Amino acid sequence: TELRPLDVLSEAVPAAGLRVLQVQGVRGFQLSASRPRALAFPASRLFIHCDRFPEEFSIIATLRALRVPAKRNEYIFTLMLEESPSVLVGLRYAPDKLHFLFWSQERAGGWQTRVTFPNVSLADNQWHTLILAVSGQSFSLTVDCSMTKDVVVETPFPASLSVRRASFYLGNRRRRKGVFTGLLRQLVLLPGADATPRMCHAVNFKVATLSVPTVLQDVPVKPVSNEVLKYPYETDMKVTLGARPRCSKQEKAQFWFNASWRGLYLCNGSTWLSMLEVQHRLDYVEEYQHLVTSSETMGVEIFTIPKVGLFAAMANRVTPPGSAIYRWTDGKFVHYQNIPTYQAQSWKYFTIGKKIFLAVANFEKNERGQEFSVIYKWSRRKAKFITYQRISTHSARDWEAFVIEGEAFLAVVNHREGNNHNIDSVIYRWNPRTGLFEANQTIPTSGAYDWEFFTIGPYSFLAVANTFNGTSTRIYSHIYIWLSGSFQLFQSILVRFGHHSSAPLCLDRSSFSRPPSPQTFGAADWEVFHIGDRVFLAVANSHSYDTGMPAPSNFYAINSSIYELNITAQMFVKFQDLLTYSALDWEFFSVGDDSFLVVANSFDGFTFSVNSIIYRWQGYEGFVAAHHLPTVGCRDWEAFHTAEGSYLFYSSAKEPLSKVLKLKTT
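All residue numbers for the sequence shown refer to UniProt numbering, where the first residue is 1 and numbers rise by one.
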């Protein structure tokens with residue numbers, strides 16, 4: 001019998017394109033970064049002349065296993081039929097056990113046998129070499145050429161196990177659950193023999209080799225004597241190139257080099273931290289994509305669905321065909337899904353646990369005369385948004401989603417009911433038992449357009465943009481604070497914010513006063529943003545109208561204001577006025593160390609073809625106009641980033657055309 005080692009790991013390497021990591025001077029493949037099916041290959045590539053698994057054999061594996069939680073198993077490999085979820089042959093480990101699995105078909109239907117080797121500690125972040133020898137009812141395990149553990153079971157390994165239409169899966173059992181999170185250096189099947197005598201003669205038993213993929217064989221040699229390396233050290237370092245990879249616990253302490261941004265980033269287990277980055281500066285803005293839409297677009301929401309991609313949800317005015325969702329594909333937005341809406345005003349993307357939602361604010365009634373706004377849920381099976389919950393609204397303008405003390409909320413802006421603009425807007429609370437949103441609190445609003453939620457230290461705030469009370473747009477827009485389980489008017493409570501080493505903000509409710517609310521003029525949007533430790537609120541004023549006052553020379557050329565949280569005054573106070581033209585939206589974004597605000601100017605009293613302006617933060621000077629962007633009836637701005645760069649998306653409420661602009665940096 002030819003006892004030729006069958007290198008299972010080498011068979012999977014060319015197709016999978018695995019990541020190589022070097023740890024403790026030894027190289028291995030990181031399997032968890034690849035999709036399970038990418039780590040598979042047909043068993044026929046190893047069993048060329050016979051489609052039977054050998055009756056007697058050894059399995060040799062060299063691996064570095066990470067510490068795993070109790071009761072969790074990770075698979076080193078499996079052999080499975082394509083049409084069955086059962087494991088024909090497999091090897092997996094738990095924190096202190098190793099399990100060998102095999103399928104026996106001697107009885108009707110067959111059953112799976114598990115051979116367990118207790119007190120085997122592999123998950124210690126160290127390299128280990130395992131040798132599993134199988135012969136009939138006898139199973140023996142040798143770890144790092146130490147004392148062999150022998151187990152005899154009632155059910156022998158099958159003498160004729162067919163592998164026809166079966167495939168090997170490295171580090172998994174054809175799904176993400178139980179995927180191997182460590183490093184694998186060697187995985188060899190040796191038919192017909194116990195490999196222990198052949199393996200246990202090396203100097204370093206932990207990395208003894210029978211057959212190792214070529215790319216893993218070049219181990220750097222340390223100099224015997226070198227003053228520079230007098231105190232040699234080792235580092236676990238992996239640098240990934242290309243598009244932004246995921247950053248999770250499995251990628252912790254790995255590096256990513258972004259060639260387009262010339263930046264080096266370190267994964268801390270959840271986010272990429274900048275270690276070395278060329279600070280870019282905004283040079284100019286160029287048109288990147290014209291997006292022809294089914295009708296005018298009242299708003300756009302840009303969001304990312306993990307492991308799926310980047311999307312843009314357009315709130316289109318005309319029904320039918322409703323509103324469209326686009327997906328970022330090959331550097332452009334491409335149509336992805338249509339959703340029936342009724343003069344949609346805006347979308348809001350949010351998540352609750354693993355559930356993904358998208359809520360639309362409908363301004364008009366449907367064909368049956370019913371007035372609903374709708375929450376859609378992402379279906380992973382269909383890869384589409386499907387209807388989840390309908391909520392009765394009144395000319396809804398906006399949704400805001402937020403979490404307070406672990407509970408999820410959704411607030412809707414009701415603009416008017418008939419000709420009555422002074423109505424309640426509603427805050428809904430998620431009921432985890434029913435899986436639905438239920439009314440939790442109502443807040444009086446006047447022709448409201450927008451909610452803006454934000455937090456400062458441990459406190460949660462909600463600002464409403466009141467637009468029209470039936471006679472005037474010169475009205476107060478209010479800021480509310482969450483206290484004792486509900487939102488209360490922020491101005492009715494004296495809020496003292498003080499700096500402390502243990503808590504950045506503290507609340508003193510010992511005295512009450514009523515400082516004025518911000519007076520706005522047809523407020524259409526609030527935008528909260530931070531620059532350093534400073535907190536700002538920008539309001540977009542759309543027009544000035546009052547039945548009891550003389551008409552101004554221009555209803556639409558008015559100041560929009562930026563407010564700053566003043567610690568001493570214990571409230572938001574006006575910081576800067578900027579002349580705008582029926583402003584409908586603010587969007588804050590950053591490029592390198594620079595901060596910007598872009599305003600959506602929609603109408604100057606004569607034409608909808610008005611420049612929208614990007615303002616640059618200039619410190620003591622405040623915000624200074626930097627770029628003038630030609631727009632037509634601009635309704636909404638959204639900033640977003642991809643691996644290729646930074647962009648601005650603008651929607652038009654006056655023509656069926658939206659645009660993506662690219663920020664060119666130096």
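Backbone N, C-alpha and C fix where the C-beta goes; we use that ideal spot for every residue, glycine too.
Note that this is a predicted model, so its numbers are computed, not measured.
Measuring CA to CA, which of the options is closest to residue i?
| i | options | result |
| --- | --- | --- |
| residue 451 | 432, 479, 434 and 473 | 479 |
| residue 114 | 125, 105 and 101 | 101 |
| residue 85 | 172, 30 and 158 | 172 |
| residue 554 | 537, 603 and 313 | 603 |
| residue 296 | 636, 131 and 414 | 636 |
| residue 9 | 528, 51, 59 and 442 | 59 |
| residue 213 | 6, 627, 47 and 539 | 6 |
| residue 332 | 658, 390 and 4 | 658 |
| residue 587 | 547, 538 and 351 | 538 |
| residue 359 | 622, 567, 317 and 349 | 349 |
| residue 354 | 335, 379 and 528 | 379 |
| residue 190 | 136, 241 and 4 | 4 |
| residue 418 | 405, 438 and 447 | 447 |
| residue 322 | 365, 351 and 328 | 365 |
| residue 620 | 575, 489 and 652 | 575 |
| residue 116 | 424, 75 and 93 | 93 |
Let me confirm a value: residue i is counted as buried when at least 16 other C-beta atoms fall within 10 Å, else exposed. Which label applies?
| i | result |
| --- | --- |
| residue 276 | exposed |
| residue 531 | exposed |
| residue 111 | exposed |
| residue 514 | For residue 514, the predicted model reports a pLDDT of 46, less than 50, meaning its position is unreliable; a value from the coordinates is still stated below. So residue 514 ends up on the exposed side. |
| residue 247 | buried |
| residue 11 | buried |
| residue 625 | exposed |
| residue 631 | buried |
| residue 445 | buried |
| residue 525 | buried |
| residue 646 | buried |
| residue 435 | exposed |
| residue 577 | exposed |
| residue 395 | buried |
| residue 502 | Because the pLDDT of residue 502 is 31, which lies under 50, any placement of that residue in the model is unreliable, and the number read from its coordinates should be weighed accordingly. By the 10 Å Cβ count, residue 502 comes out exposed. |
| residue 343 | buried |
| residue 290 | exposed |
| residue 118 | exposed |
| residue 188 | buried |
| residue 37 | exposed |
| residue 83 | exposed |
| residue 663 | buried |
| residue 125 | exposed |
| residue 432 | exposed |
| residue 368 | exposed |
| residue 320 | exposed |
| residue 13 | buried |
Is the separation between the beta-carbon of residue i and that of residue j shorter than 8 Å?
| i | j | result |
| --- | --- | --- |
| residue 611 | residue 629 | yes |
| residue 62 | residue 186 | yes |
| residue 216 | residue 20 | yes |
| residue 325 | residue 649 | no |
| residue 426 | residue 412 | yes |
| residue 613 | residue 596 | no |
| residue 98 | residue 88 | no |
| residue 257 | residue 264 | yes |
| residue 77 | residue 169 | yes |
| residue 391 | residue 375 | yes |
| residue 208 | residue 123 | no |
| residue 134 | residue 41 | no |
| residue 668 | residue 558 | Nothing in the structure corresponds to residue 668, since the chain is present only between 1 and 666. |
Could you please give me the residues that DSSP links to residue i through a beta bridge?
| i | result |
| --- | --- |
| residue 6 | 189 |
| residue 337 | 325 |
| residue 454 | 461 |
| residue 420 | 417 |
| residue 80 | 87 and 167 |
| residue 150 | 140 |
| residue 129 | 62 |
| residue 56 | 135 |
| residue 398 | 413 |
Would you say the beta carbon of residue i comes nearer than 7 Å to a heavy atom of the ligand PLP?
| i | result |
| --- | --- |
| residue 434 | The ligand PLP is not part of this structure, which contains no ligands at all. |
Please confirm whether residue i has its beta-carbon closer than 8 Å to some beta-carbon of chain C.
| i | result |
| --- | --- |
| residue 8 | No chain C is part of this structure, which consists of one protein chain only. |
How about the segment 11 to 30 and the segment 146 to 154: do they share at least three Cβ pairs that are nearer than 8 Å? no
| contact_flag[the segment 518 to 533, the segment 470 to 485] where n(CB pairs < 8 Å) is 3 or more | yes
Would you call the segment 160 to 170 and the segment 62 to 73 in contact, with 3 or more CB pairs under 8 Å?
At 8 Å Cβ cutoff, the stretches do not touch.
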